[in-house]
Amino acid sequence: MASNLPTSIGVLTSGGDAQGMNAAVRAVVRSALHQGAAVHAIFEGYQGMVDGGDRIRSLSWDDVGSILHRGGTVIGTARCPAFREREGRRRAARNLLQRGIDRLVIIGGDGSLTGANLFRQEWPELLTELVQAGEIDEATAQAHPALMIAGLVGSIDNDMVGTDMTIGADSALHRIIEAIDALTSTAASHQRSFVVEVMGRHCGYLALTSAIAGGTDYVLIPEYPPAEGWEDRMCELLRHGRAAGRRDSIVVVAEGATDRAGNRIGGDYIRRILEERLGEDTRVTILGHVQRGGTPSAYDRWMSTLVGHAAVQELLAATPDSEPQLIGVRYNRVRRLPLMQCVEQTRAIARTIAEKDYAKAVELRGGSFTEMTKTFRAMAEALPSVTPPVRPRRIAVLHGGGLAPGMNTAARAAVRLGRDRGHVMLGVHGSFAGLVDGRIKELTWGDVEGWTALGGAELGASRQIPTTEQLYAVARSLETHDIDALLVIGGWKAYQALHRLDSERERYPAFKIPMVCLPATIDNNLPGSDLSIGADTALNVIVEALDRIKQSAMAARRCFVVEVMGRHCGYLAMMSGLAGGAERIYLPEEGITLKDLQADVERMVESFRGGRRLYLTIRNEQANALYTTDFLARLFEEEGGQLFDVRQAVLGHIQQGGNPSPFDRILATRLAAHGIDFLTTELERGTAVGVFMGLAEGKLTAFPIKQMADMVDITNRRPLEQWWLDLRSVMQAMAQPTLADSSGSI
Ligand code: ADP
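Counting from 1, one number per residue, gives the positions in the sequence shown under UniProt numbering.
Here is the structure:
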């Protein structure tokens, strides 16, 4: 009986729901089927496992179609007191064994993962009891001597050690930022103050990141209870901000925030302080469950897909002796760590906070958390933290290349952080042409107010870079305006321009100043950085468009050919394919051959014959010069005959528009902070190198601009190494039901 069944994996979601859980479930189901394993969904968390019956059902490929964009979890979640009891777990073991399930993917918080581990430890004893009671036979028990588990963390709080991001945290951040942006505009209109309370009982991640991304004035988090007298300091800080030109004040408070004595600091208390001491009209907004809701962000879809896929790989390779693993992400790559070690360390942080050892708690959260708290403070305070020198250094900020959402966020952060260091910050309007024409103006703290959330580029961006003939004029301008350092935020053209200035240093001494380029382009085609500012926003725009496109096709049997930007870099096509649930993507890195197209048409026809109603293909704009989007659409139309129709959608410039996503705002702020740090050090030392900076595998590196040539494919204007190309196998598993099917390209 049960022992003869094929390897079977069970998947469940448990504890609090989180956006992106569906993407993880879909990835588990499809990866398992792709590998030839059976897969069962356990509905309503552990309750379904205890109840059995039709709460444990095998799922097919199509059962998890059209769930990627849905919030919550379609297989349900619950808190289950019965599973905390041994009897409940005994019944659960029986129900699993009846279906041959001895491998589980648990998607939940630390409670759910602890429960899973206990269940695994008891498994052999539970089996013995079940055999003795005659509920399962000896052969079944022998065939499944161990329970193998892989844990994925579903929690909007981002509170788990072992993964950079938990499933749902990025979407929650989207909800919070939507709210803060909305409140900012109404607050500014009435010169009003708002206190925004966000989730996070033990973890200040959501509060801190939304305070940075939302450009707010003050933040209170559990890991950093403010010292006595904080109310005075908060009021002082808000007063400075008002004096420097702010029209609104926003204070973010995590639900678990306390003072040093451990007393909870609620929104109402802060409101009273602001009203009494500053005479400000103040309102409190508690975001509550809105943060859990809504459609998952692009990140939550692709990240959850990655970890879901990896969990299946883990379980299929597991042996009865394997230690349970937590499958998380580190620097956008999948990372496996012993499950219980992660749970233990997570609990240790909560204990540290309870014991009021706050310095330790912050340290345990990791380096970038500490860095973010410092950056936030420096940006929120209108007065510099150092006494400006008699002759402050003058740093010019400009954009180069195409527009990227987040350019304003980076410029604002650079201006505020530069001023904090005592520099004079200059904004160059109109990119390098503006530099030549002298369109240069000092920017104050208040001048950049409100730029955090603004799409576009207030300083203007342009793909025009100085020609050899213009270099003299650029040098003159740098001299005339006493510019001591240059911070360029932009794309390929910006890098090229800086490279040109750098290589002409001997001829033009004015170029012998420190220069930094920060990556900002939706194409994500720059060397030295895993991600560039703007790419996440563009991805979210594409994914939202794909959701609508898919909905529009509900009534017909239709194939869509959607063209996305990226120039010669397939990043947007790849990631939107993963996050949007495409059947096929066309990348410039792979090109398109006639043989590919023939195989695609055959697969498409077969798929529609099998009952498919929608086939989504995504083509990068430069995937092939001749096999254009229009060509592909016509080819599929012709070959599809009466079976299906074909539509094309060229998404175009909407991809460069929109307000920056929370992730892009944070990336922009972090990179700008490092850019200013770098320039400050160079100015202090009296050295003057030209570099481009980036975050790759978590490491912030400044590469000499000369090195660029060694790191890129110059003809195709993209980095030689592109980390995301490794995700093609995941894409294949999501799009093609069987291994045999996946010999061709994706
Ligand atoms: P989360 O997983 O989000 O932390 P909970 O702590 O509420 O949420 O856990 C969800 C479910 O996981 C519980 O209702 C229970 O069924 C199970 N669970 C949690 N902790 C344990 C435990 N120590 N032993 C057994 N089951 C547990």
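Just so it is clear, CB atoms sit at the ideal spot from N, CA and C, and this is done for glycine as well.
Does the distance from the CB of residue i to the CB of residue j come in under 8 Å?
{"i": "ASP268", "j": "HIS190", "result": "no"}
{"i": "ILE513", "j": "ASP547", "result": "no"}
{"i": "LEU478", "j": "ALA672", "result": "no"}
{"i": "GLN47", "j": "ALA93", "result": "no"}
{"i": "LEU220", "j": "ALA257", "result": "yes"}
{"i": "ALA535", "j": "ILE522", "result": "yes"}
{"i": "LEU68", "j": "PRO737", "result": "no"}
{"i": "TRP723", "j": "ASN117", "result": "no"}
{"i": "GLY490", "j": "GLY460", "result": "no"}
{"i": "ASP259", "j": "CYS203", "result": "no"}
{"i": "HIS40", "j": "ILE136", "result": "no"}
{"i": "residue 825", "j": "LEU183", "result": "Residue 825 falls outside the range modelled here, since the chain spans only 1 to 746, and no answer is possible."}
{"i": "GLY15", "j": "PHE43", "result": "no"}
{"i": "SER10", "j": "LEU96", "result": "Reading the sequence as shown, one finds Gly at residue 10 and not Ser. In this structure, LEU96 lies closer than 8 Å to GLY10 by Cβ."}
{"i": "LEU238", "j": "LEU278", "result": "yes"}
{"i": "LEU339", "j": "GLY151", "result": "yes"}
{"i": "THR209", "j": "MET372", "result": "yes"}
{"i": "THR305", "j": "GLY71", "result": "no"}
{"i": "GLY401", "j": "ARG463", "result": "yes"}
{"i": "ALA411", "j": "ALA244", "result": "no"}
{"i": "ILE465", "j": "LYS493", "result": "yes"}
{"i": "LEU326", "j": "GLY162", "result": "yes"}
{"i": "GLY528", "j": "THR701", "result": "yes"}
{"i": "ILE265", "j": "ILE180", "result": "no"}
{"i": "LEU498", "j": "ALA457", "result": "no"}
{"i": "GLY580", "j": "ASN624", "result": "no"}
{"i": "ARG247", "j": "ALA188", "result": "yes"}
{"i": "VAL516", "j": "PHE678", "result": "yes"}
Between which two residues does the beta strand (DSSP E) harbouring residue i extend?
{"i": "ALA396", "result": "394 to 400"}
{"i": "MET693", "result": "690 to 696"}
{"i": "MET515", "result": "515 to 519"}
{"i": "GLN642", "result": "GLN642 -> no beta strand (DSSP E), and no H or E assigned at all."}
{"i": "VAL74", "result": "Neither: VAL74 is in no beta strand (DSSP E) and is coded neither H nor E."}
{"i": "GLY52", "result": "Neither: GLY52 is in no beta strand (DSSP E) and is coded neither H nor E."}
{"i": "GLY490", "result": "485 to 490"}
{"i": "HIS40", "result": "38 to 42"}
{"i": "GLY10", "result": "8 to 13"}
{"i": "ASP281", "result": "Unbroken run through ASP281: none, as it is neither H nor E."}
{"i": "LEU700", "result": "699 to 704"}
{"i": "GLY108", "result": "101 to 108"}
{"i": "ARG90", "result": "No beta strand (DSSP E) contains ARG90, which is instead part of the alpha helix (DSSP H) from 86 to 97."}
{"i": "ASN620", "result": "614 to 620"}
Please report the residue range of the alpha helix (DSSP H) in which residue i lies.
{"i": "GLN313", "result": "298 to 317"}
{"i": "PRO662", "result": "662 to 685"}
{"i": "HIS240", "result": "230 to 243"}
{"i": "LEU68", "result": "Segment: none, LEU68 is in no alpha helix (DSSP H) and carries neither H nor E."}
{"i": "GLY267", "result": "267 to 278"}
{"i": "LYS550", "result": "535 to 552"}
{"i": "SER477", "result": "471 to 480"}
{"i": "SER60", "result": "Neither: SER60 is in no alpha helix (DSSP H) and is coded neither H nor E."}
{"i": "VAL448", "result": "Looking at the DSSP string, VAL448 is not in any alpha helix (DSSP H), and its letter there is neither H nor E."}
Review point. Which ranges does the beta strand (DSSP E) cover as unbroken runs of at least 3 residues, wholly within the stretch 126 to 174, from first to last along the chain?
Key: 148 to 153
Review point. Between the stretch 122 to 130 and the stretch 307 to 314, do at least 3 Cβ pairs fall closer than 8 Å?
Key: no
Review point. Do the stretch 552 to 559 and the stretch 608 to 624 meet, that is, are 3 or more Cβ pairs less than 8 Å apart?
Key: yes
Check your understanding: Fully enclosed by the stretch 557 to 611, which alpha helix (DSSP H) runs are 4 residues long or longer?
Key -> Annotation note: the stretch 557 to 611 contains the following uninterrupted alpha helix (DSSP H) runs of length 4 or greater, listed N- to C-terminal: 571 to 580 and 594 to 609.
Exercise for review: For the stretch 382 to 446, list the beta strand (DSSP E) runs that are entirely contained and at least 3 residues long, ordered along the chain.
Suggested key: 394 to 400, 424 to 428 and 440 to 442
Review point. Should the stretch 20 to 35 be regarded as contacting the stretch 105 to 115, the criterion being three or more beta carbon pairs within less than 8 Å?
Key: yes
Check your understanding: When the Cβ atoms of the stretch 411 to 430 are set against those of the stretch 385 to 401, are three or more pairs found closer than 8 Å?
Key -> yes
Point to revise | Touch test, the stretch 138 to 151 against the stretch 190 to 209, Cβ-Cβ under 8 Å, three pairs minimum | key: Short answer: they don't touch.
Practice item. Quick one: which unbroken beta strand (DSSP E) runs of 3-plus residues sit fully inside the stretch 325 to 389? Chain order, please. Key: Here the runs fully enclosed are 325 to 330 and 333 to 338.
Review point. For the stretch 186 to 223, which segments carrying the beta strand (DSSP E) assignment without a break, of at least 3 residues, lie completely within its bounds, in sequence order?
Key: 193 to 198 and 218 to 220
Exercise for review: Report yes or no: do three or more beta-carbon pairs, one from the stretch 378 to 387 and one from the stretch 404 to 419, lie closer than 8 Å?
Suggested key: yes
Review point. Using 8 Å as the threshold, is the stretch 575 to 585 in touch with the stretch 633 to 648, meaning 3 or more CB pairs across them?
Key: no
Review point. Pairing CB atoms from the stretch 649 to 657 with CB atoms from the stretch 586 to 597, are three or more of them under 8 Å?
Key: no
Practice item. Evaluate the contact criterion for the stretch 583 to 591 versus the stretch 525 to 544: three or more CB pairs, one atom per stretch, below 8 Å. Key: Two segments are said to touch when three or more pairs of C-beta atoms, one from each, lie closer than 8 Å; by this definition the stretch 583 to 591 does not touch the stretch 525 to 544.
Check your understanding: At a cut of 8 Å, does the stretch 431 to 448 reach the stretch 681 to 700 through at least three beta carbon pairs?
Key -> no
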